[in-house]
Each structure stands twice: as structure tokens, then as C-alpha cells.
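Chains as they are written, first to last, in our numbering: chain A, 162 to 443; chain B, 6 to 91.
C-beta atoms are modelled at their ideal positions from N, C-alpha and C, and glycine is treated no differently.
Note that this is a predicted model, so its numbers are computed, not measured.
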Amino acid sequence: MSWFKKSKEPILAVEKKNVKMPEGLWTKCKNCEEIIYSKEIERNLNVCPKCDYHFRISAHERIELVIDSGTFVEMDAEMMPVDFLKFKDSKSYKERIKATVKKLGGGDAVKCGEGEIEGLPVALAVFDFSFMGGSMGSAVGEKITRVIERGLEKRAPVLIFSSSGGARMQESILSLMQMAKTCAALAKIRAEGIPFISVLTDPTTGGVTASFAMLGDLNIAEPRALIGFAGPRVIEQTIRQKLPEGFQRSEYLLEHGMVDMIVRRQEMKVKLAQILRVFTKN
Amino acid sequence: MAGSCADLKIAFIETSFPNRLEWLAEVSGHLTPAMLKVELEKFGKRDVPIKIFHVKPQFLEDLQTELSALNDKRLQVLDGGEIFEF
Numbered sequence: 162m163s164w165f166k167k168s169k170e171p172i173l174a175v176e177k178k179n180v181k182m183p184e185g186l187w188t189k190c191k192n193c194e195e196i197i198y199s200k201e202i203e204r205n206l207n208v209c210p211k212c213d214y215h216f217r218i219s220a221h222e223r224i225e226l227v228i229d230s231g232t233f234v235e236m237d238a239e240m241m242p243v244d245f246l247k248f249k250d251s252k253s254y255k256e257r258i259k260a261t262v263k264k265l266g267g268g269d270a271v272k273c274g275e276g277e278i279e280g281l282p283v284a285l286a287v288f289d290f291s292f293m294g295g296s297m298g299s300a301v302g303e304k305i306t307r308v309i310e311r312g313l314e315k316r317a318p319v320l321i322f323s324s325s326g327g328a329r330m331q332e333s334i335l336s337l338m339q340m341a342k343t344c345a346a347l348a349k350i351r352a353e354g355i356p357f358i359s360v361l362t363d364p365t366t367g368g369v370t371a372s373f374a375m376l377g378d379l380n381i382a383e384p385r386a387l388i389g390f391a392g393p394r395v396i397e398q399t400i401r402q403k404l405p406e407g408f409q410r411s412e413y414l415l416e417h418g419m420v421d422m423i424v425r426r427q428e429m430k431v432k433l434a435q436i437l438r439v440f441t442k443n
Numbered sequence: 006m007a008g009s010c011a012d013l014k015i016a017f018i019e020t021s022f023p024n025r026l027e028w029l030a031e032v033s034g035h036l037t038p039a040m041l042k043v044e045l046e047k048f049g050k051r052d053v054p055i056k057i058f059h060v061k062p063q064f065l066e067d068l069q070t071e072l073s074a075l076n077d078k079r080l081q082v083l084d085g086g087e088i089f090e091f
């Protein structure tokens, strides 16, 4: 015989309703952590309406934003990365290329071509961080060099939007030599007085920062972009000191003279046109 | 600070944009010849040569004209690649 008896029926859990939320409807801002309606972020040019955090955007979206509609003509679109060294880490480089190309549809981490900004011609290169972290291998370096040479040929200002983790490690020294190659091409346009405007977007690091990205006649940054050579964790471990708040962010670099100005995405096209007019005396 | 250095042999200072682009110089933290003039007055030291660097190639002619107009014999625009030995 039991000592206690249940006088009532046990409380049963309410049946959970399976509410289906369409994926991607809401986005959590990486900076302020607000949950925002994705369409609102898109309408705001992929900038958080609450805290002004600039989300990363694709090369295609960037071109749409700054280049006059219908004026962009892509060059070297067929140029693809090649696994010269038969490199393999947890996966072979060849497989990585194949998977990325399948996902993103061809090309490499940079889109190059010619276009106009408020009617002013430019030779343009735009990095795509989603393609292997925007890393610079031999194809990327060659495309950048060619677009600089196109600027030289057409005497058009060169504009590069960087967003890159640096040199592509799978291509070893072949990617490192792209740093020298792109800088040598820039020296040629500098000698001819052709302007080079570098726009640093989140993140611009490693071999890209250490080569052409910091050589602009004007170096422009998007707000709060991470810009540096080695990452903060590596520096902290090396110098065994805590880094200051905001270290390697655009605002810190502007304060220390490493970038010339910070321009919000909404104002980028107008500001670029103004600068191009100044530099080309139009 | 450089002005208070007792045995200063040479001074390097940038001047990037011509006077008409003062707004751009201010926004980007650079100097124009007119802004340089103000800095040189603060600097003093009439006997120290001053080397100008970071001249934007697109404005080289304008800058040379405007720097000459300052009529300051200490000023020299660097071409790049010069070697200074002390």
C-alpha cells in the first residue's frame, strides 16, 4: 500500500506548436546584437540601422552600389585559380577551388573591369570575401595587375575595393610574389600621374594590406572595418601586451594617420565621384 | 616638438595637396602649402633644411608653384630615392 495517493490527474505539458519561421527573415547584428528584419538591412545597403555596422557584401552588390547602372564591363572573368603546387591540407586545394566555384559560380576572389561613377571612367577591382576569404593567389594578383594596366592604357583612375584575409596560403610563394607584382604595376601609374583610390572594407588584412591596399593616393575605409597585417590575437601573443580598444579598426587607423578618411556606404558613390573629379581635374 | 630639438640637422614634412584642396587636406589629415606655412612659423629654426614628401603626383606642378610662392629657401620637394647621411 502506498502512503501517498495522487488525487488529481498529473498536469500534462501543452503540446508544442511547430511554428515554422522562414530562414533568413531576421538577422542578428554582429555588432549591437539586435535582431533586425533582414529586408530592412538590405534596404539600408546592408548597414545595420541601429548601430551603423557595415555587413560584408559581395563584389556584385558592391559594383551595383558604386558604378553607374549599365556601365560595368567585366574583364578576365574566365581567369581561374590553378593548383600549381598540388597543395593539400585537410582538403586538397583543387577540391577547395571546385567547391567554392560550385557555390559561387566561377571566377576568383576579385571581380575586375571598367565602369563609370557619375559619368567618370574608372578601372575597377572589387574583392569578394566569400571566395576563400578574399585571398590573393596568382589569378587574383594577375587580375589586379591587369586592371591597373588597363587604367594606365586608358588613363583612367584605378579604384580597388579590398576585402581580404591576405595572400592565399595554398599558393605559397606564388601568392606572395603577387604583392610585389601589384605594387610594381602601381608604381607605373604613379609615374604617369594616374590616381589610385584604395577603399578598405572589412576585413583587409595580411598581404593585401601589406601591398597595394595601403598605397592609394587616397586610402578610404568603411566604418569599423578591420584593417591590419597580423591579427590582434597574434600581436597580443607576440608582444605579450593587451591591445588598446578598437585597435586595427578604421577609426583607430584614421586617428593614427594610416587611412585618409572614413566614408559610410551610403555616401561612398558621391564621395568617390567628388574625389575622382578632384584628381582628374574634371 | 621638432623646434625644441637642439641639434636638429634636417626636417621632413609632408605636403600633399594644393591650397584649393584645403577641405581634402583637412579631412585626410594632410597639409597644403598654406597650412605648411603656419606649421613652419611654429617650427622656427631658420637654418634647418626642410624636405617635403608625400606630394600627390597629380598636383605636383601646382604644389611646386605654391611652395615656391612661400619664398622659403629651406624648402625642397623630394623626388624619392634621395639618400641623406649624417
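Among the residues of chain B, those whose CB is under 8 angstroms from the CB of methionine 422 (chain A) are Val32 and Ser33, following chain order.
Here the segment 403–423 of chain A makes no contact with the segment 323–335 of chain A; the two share fewer than three CB pairs at distances below 8 angstroms. Within chain B, the residues whose beta carbon sits less than 8 angstroms from that of valine 439 (chain A) are Leu26 and Leu29, listed in sequence order. Cysteine 273 (chain A) is positioned such that its CB atom lies closer than 8 angstroms to that of glutamate 235 (chain A). In this chain, cysteine 193 (chain A) is not harboured by any beta strand (DSSP E), its DSSP state being neither H nor E. Residue-level contact check: glutamine 69 (chain B) does not touch chain A, since none of the beta carbons of chain A fall below 8 angstroms from its beta carbon.
Of A:Asp363, A:Ala286, A:Thr306 and A:Ile196, the smallest CA-CA separation from glutamate 412 (chain A) is found for A:Asp363. The secondary-structure analysis by DSSP pairs cysteine 273 (chain A) across a beta bridge with A:Met236 and A:Ala286. With respect to chain B, the C-beta atom of glycine 407 (chain A) has no partner C-beta closer than 8 angstroms. Distances from the CA of valine 287 (chain A) to each of A:Ala174, A:Thr365 and A:Leu206 were compared; the closest alpha carbon is that of A:Thr365. Per DSSP, glutamate 44 (chain B) is one residue of the alpha helix (DSSP H) stretching across 38–48. Threonine 399 (chain A) is classed as exposed because its beta carbon has fewer than 16 other beta carbons within 10 Å across all chains shown. Proline 364 (chain A) carries a strand assignment under DSSP once its states are collapsed to helix, strand and coil.
Counting along the chain, the unbroken beta strand (DSSP E) around leucine 80 (chain B) starts and ends at 80–82. For the pair leucine 80 (chain B) and leucine 72 (chain B), the CB atoms are nearer than the 8 angstroms cut-off. Counting along the chain, phenylalanine 440 (chain A) sits inside the alpha helix (DSSP H) bounded by residues 429–441. Note that the C-beta distance between valine 53 (chain B) and leucine 83 (chain B) is not below 8 angstroms. In the three-state reduction of the DSSP assignment, alanine 391 (chain A) falls in the coil class. Across the structure, lysine 315 (chain A) and alanine 346 (chain A) are spaced so that their CA atoms are roughly 14 angstroms apart. For proline 62 (chain B), the residues of chain A that pass the 7 angstroms Cβ criterion are Arg351 and Gly354, in the order they occur in the chain. Judged by their CB atoms, serine 336 (chain A) and methionine 375 (chain A) are not nearer to each other than the 8 angstroms cut-off. Segment contact: the segment 223–230 of chain A against the segment 426–438 of chain A, three or more CB-CB distances shorter than 8 angstroms; contact assigned. Counting C-beta pairs with one atom in each stretch, the segment 289–305 of chain A and the segment 253–273 of chain A have three or more that are closer than 8 angstroms, which means they touch. For glycine 418 (chain A), the C-beta contacts it makes with chain B under 8 angstroms involve Gly34, in order along the chain. Collapsing the DSSP output to three states places serine 21 (chain B) in coil.
DSSP, read as helix, strand or coil, puts lysine 252 (chain A) in coil. The Cβ atoms of isoleucine 321 (chain A) and alanine 382 (chain A) lie no closer than 8 angstroms to each other.
Bounds of any alpha helix (DSSP H) do not take in alanine 7 (chain B), whose DSSP letter is neither H nor E. Counting only residues of its own chain and dropping the five nearest sequence neighbours on each side, serine 219 (chain A) has a CB closer than 6 angstroms to the CB of Asp289.
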